[in-house]
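One structure is given below, encoded as structure tokens.
In the UniProt record's numbering, the protein residues as written are 1 to 920.
See below:
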């Protein structure tokens with residue numbers, strides 16, 4: 001216990017405790033006293049350490065500044081009292097004083113109860129809590145300075161307390177605001193992350209001077225985040241139109257090279273009109289954009305503004321993913337020797353065994369010559385980090401550890417050299433990695449892919465997390481449960497009982513008829529494959545994710561000539577013996593959430609099948625022969641433009657625009673319907689595909705291969721490292737397969753043959769559009785309704801379903817006067833009539849002004865400009881060649897797409913795109 005201390009006076013105990021809690025200075029500057037202005041640069045660090053230890057013991061830290069003075073942080077009150085009395089360090093005369101700024105901090109408290117309390121009284125009462133000064137924040141209104149309830153407190157402590165006690169109240173302490181010289185209603189604060197945050201309010205009816213906003217931004221230390229109620233409408237942030245305030249804000253963002261975080265979500269609810277608007281904006285400097293996520297809260301919290309939630313885009317919470325091969329570090333020479341496919345391997349009695357032997361030899365060679373990624377949860381990583389960066393960083397750490405143990409001048413110099421060398425290696429690796437990526441950019445490179453690369457360079461990845469599914473009866477969060485629920489959903493979509501009863505009757509009756517594809521005639525498309533076909537298939541293939549066997553296209557491309565020849569012989573066996581390997585009938589399905597859909601609904605996911613690359617290579621060879629035969633026989637209608645040589649979306653876009661303009665010239669009406677087919681790929685009738693091949697007269701190996709390719713297919717859903725149970729895919733074609741698109745086009749294109757002569761239609765895979773023009777709107781309505789009935793009848797006979805809700809109808813007309821829109825329906829469900837429609841990437845409005853398309857195009861290009869803004873602020877991506885190539889690929893390609901159609905818009909509308917070009 002120890003002897004209790006006696007204090008002679010009452011209150012002595014209390015005063016002693018108060019003195020212990022009183023704050024003290026922690027940082028001190030020690031300077032040498034010398035007539036020749038000497039400093040500590042020439043003093044041994046051993047001498048300094050010994051002198052300080054002998055004077056007042058170990059301190060928390062000692063740091064030498066560029067001026068040669070010492071910055072010392074003490075660890076106790078006693079050391080603080082002793083160090084200020086120090087006048088000599090060993091034999092060196094010195095002077096010691098408290099640091100001018102590090103020993104204090106400023107924070108803001110908000111309290112309405114202290115509004116009428118003088119600041120002197122507040123400072124006196126808070127003195128015992130380390131407050132040395134109190135200042136009240138004032139705002140200017142109509143030329144007068146008015147007091148507010150916000151107080152700036154100066155603390156005698158380098159660390160800001162979380163709260164203070166003002167009488168009976170606990171007040172939270174916030175970081176101190178920045179001093180802003182502006183007449184705008186704005187307040188800013190700088191936090192310890194060296195980022196500035198500014199909140200602003202712009203009254204809706206006050207005139208806004210553009211220079212005021214520019215001056216405000218000039219005062220904010222970068223990087224900064226600017227949030228507030230700007231009271232401006234702009235299409236860039238989700239408004240229906242742009243007013244004068246919105247144009248000022250757009251110009252402000254463009255002139256200052258800032259980035260807008262907002263998406264199209266509404267942020268304000270106007271109760272009198274019960275309408276939603278986008279008035280609150282989040283604007284940041286370019287270097288912050290890759291690091292931030294933006295979303296709008298869904299609860300008003302008794303306000304009329306929804307909260308803006310800006311969070312750090314970290315990679316936390318990622319699920320574990322299966323390891324993947326790192327092909328950029330592969331030893332292809334050793335792989336070519338180990339992955340030797342011999343004739344004996346491909347000549348076994350059972351084809352499935354031969355395929356498995358080939359898979360095993362290739363995978364074993366890959367495991368020995370190609371490194372894999374770590375199966376652990378992925379940390380922040382950067383794609384430019386390579387072996388040179390790793391080795392230089394290790395050398396830097398080694399020199400640092402040596403210097404910590406033996407703090408000599410030589411070791412310090414060695415550490416600084418190692419650190420500078422490591423920094424130089426990292427910067428060179430960043431530049432080289434980015435230049436290599438930029439050289440691969442083409443006009444088909446999406447801005448999403450570019451953003452992914454830019455964020456990856458900053459160590460930010462959008463990881464896939466396991467969703468929580470809600471089926472209406474229960475919720476599922478376990479990875480295996482979620483995978484199985486998704487697997488059941490995908491299997492149910494393609495199950496036979498998912499069709500209506502009328503089609504099931506047709507299906508059962510038709511499938512009783514046997515389709516005999518046997519033939520002894522030597523059709524050219526049934527001949528054995530040649531080596532040039534195999535090499536062509538491998539050269540055209542894109543490096544996609546491997547299937548269940550783990551083989552990738554890069555492995556097949558690096559097989560030697562003998563192995564390729566034996567692999568071709570294996571394909572000959574599959575083709576000639578008409579036996580499909582059972583491994584190739586299995587697929588791994590990756591669920592992809594549809595854009596803008598609820599992740600809790602299992603119906604909102606699109607199944608992407610990963611099948612064997614060996615099978616996909618053979619599919620590509622078969623597909624080339626099938627397409628050639630179909631085009632030669634003219635089996636595909638000329639108005640089907642999907643994935644055909646010499647065709648593109650431009651054909652359908654120009655066809656529709658020509659029809660509309662012809663109708664305008666003739667002063668006619670033109671009514672066009674754009675259909676939506678539900679689950680088109682997953683519900684395709686397989687026997688219908690085979691029946692189409694049979695009716696075309698295809699016999700032998702080609703149709704028999706397709707028949708076995710479509711039969712007995714199974715899949716498992718993969719979520720990270722978790723796999724579901726196997727499920728059967730009874731109908732449909734696997735999405736992600738090479739043959740699937742051609743087979744679907746062959747089957748679905750038949751729908752165009754059921755249109756009447758007065759109705760024209762076009763197809764791009766499953767995007768079906770029909771049109772009818774004339775001077776009598778009621779006659780057009782009857783003809784279109786008759787065409788809809790025939791289309792619905794064909795869908796009923798082939799297992800497809802049209803969605804009336806998602807289908808759209810547009811009445812194109814420039815005639816004056818009142819014209820009632822047509823009334824059209826699908827199975828008595830009305831088709832919505834809209835004023836504009838997005839068709840194959842181009843927005844057509846009923847007057848064909850193309851103004852909605854130009855506004856939407858400008859909005860997308862403005863967001864893509866953020867990529868250039870971010871890269872221009874980096875040392876590794878700011879060269880002119882890279883920026884110009886990215887501009888041409890991401891922005892200019894978008895402007896060019898469809899310009900031959902929307903180029904007929906009036907010049908005032910087209911000038912809206914000039915700002916995008918000039919900003920770049």
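Positions of the beta carbon are idealized from the N, C-alpha and C atoms, including for glycine.
Proximity to residue i [Cα-Cα], best of the options
i           : options            : result
residue 555 : 917, 635, 612, 189 : 612
residue 858 : 680, 843, 48, 347  : 843
residue 88  : 307, 670, 30, 261  : 30
residue 184 : 853, 143, 158, 36  : 143
residue 431 : 801, 882, 886, 544 : 882
residue 235 : 550, 746, 863      : 863
residue 238 : 347, 263, 149      : 263
residue 52  : 593, 36, 72, 64    : 72
residue 109 : 535, 490, 149      : 149
residue 710 : 580, 240, 418      : 580
residue 327 : 870, 82, 520, 545  : 545
residue 657 : 512, 530, 810      : 810
residue 562 : 338, 700, 607      : 338
residue 359 : 493, 567, 152      : 567
residue 633 : 746, 892, 622      : 746
residue 68  : 336, 41, 120, 114  : 41
residue 661 : 70, 850, 624       : 850
residue 679 : 704, 894, 499      : 499
residue 24  : 36, 44, 75, 37     : 75
Continuous beta strand (DSSP E) stretch holding residue i: start and end
i           : result
residue 201 : 196-201
residue 284 : 280-284
residue 132 : 131-141
residue 710 : Residue 710 -> not in any beta strand (DSSP E); alpha helix (DSSP H) instead, spanning 701-710.
residue 169 : 169-172
residue 186 : 185-190
First and last residue of the uninterrupted alpha helix (DSSP H) at residue i
i           : result
residue 774 : Run containing residue 774: none in the alpha helix (DSSP H); it sits in the beta strand (DSSP E), 767-774.
residue 214 : 210-219
Close beta carbons around residue i, own chain, < 6 Å, minus the five adjacent residues each side
i           : result
residue 934 : Residue 934 cannot be examined here, being either before or after the span of the chain that is shown, 1 to 920.
residue 664 : 814
residue 229 : 201, 279, 280
residue 161 : 173
residue 584 : 612, 615
residue 476 : 469, 482, 485
residue 618 : 571
Cβ pair residue i, residue j closer than 8 Å
i           : j           : result
residue 738 : residue 643 : no
residue 773 : residue 669 : yes
residue 219 : residue 180 : yes
residue 735 : residue 609 : yes
residue 702 : residue 526 : yes
residue 928 : residue 355 : Outside the displayed span of the chain (1 to 920) sits residue 928, for which this structure offers no information.
residue 227 : residue 188 : no
residue 429 : residue 386 : yes
residue 79  : residue 56  : yes
residue 802 : residue 639 : no
Test: residue i CB closer than 8 Å to a CB of chain B
i           : result
residue 419 : The question asks about chain B, but that chain is absent: this structure has only one protein chain.
Proximal residues to residue i (C-beta, below 8 Å), its chain only, five neighbours per side dropped
i           : result
residue 301 : 307
residue 324 : 372, 373
residue 214 : 252, 255, 256
residue 99  : 25, 27, 28, 29, 71
Cut-off 7 Å between Cβ atoms - residues of its own chain near residue i, not counting five sequence neighbours on either side
i           : result
residue 158 : 26, 27, 102, 103, 105
residue 900 : none
residue 787 : 755, 756, 759, 770
residue 491 : 727, 728, 729
residue 295 : 309
residue 852 : 836, 843, 845
residue 626 : 702, 742
residue 558 : 332, 335, 336
Length at least 3, wholly inside the segment 358-409: the beta strand (DSSP E) runs in chain order
none
Quick check for students: name the residue ranges of the alpha helix (DSSP H) that lie wholly in the segment 610-647, counting only runs of 4 or more.
613-633
Suppose only complete runs of 3+ residues qualify. What are the beta strand (DSSP E) ranges in the segment 802-870, listed by chain order?
808-812, 836-839, 842-845
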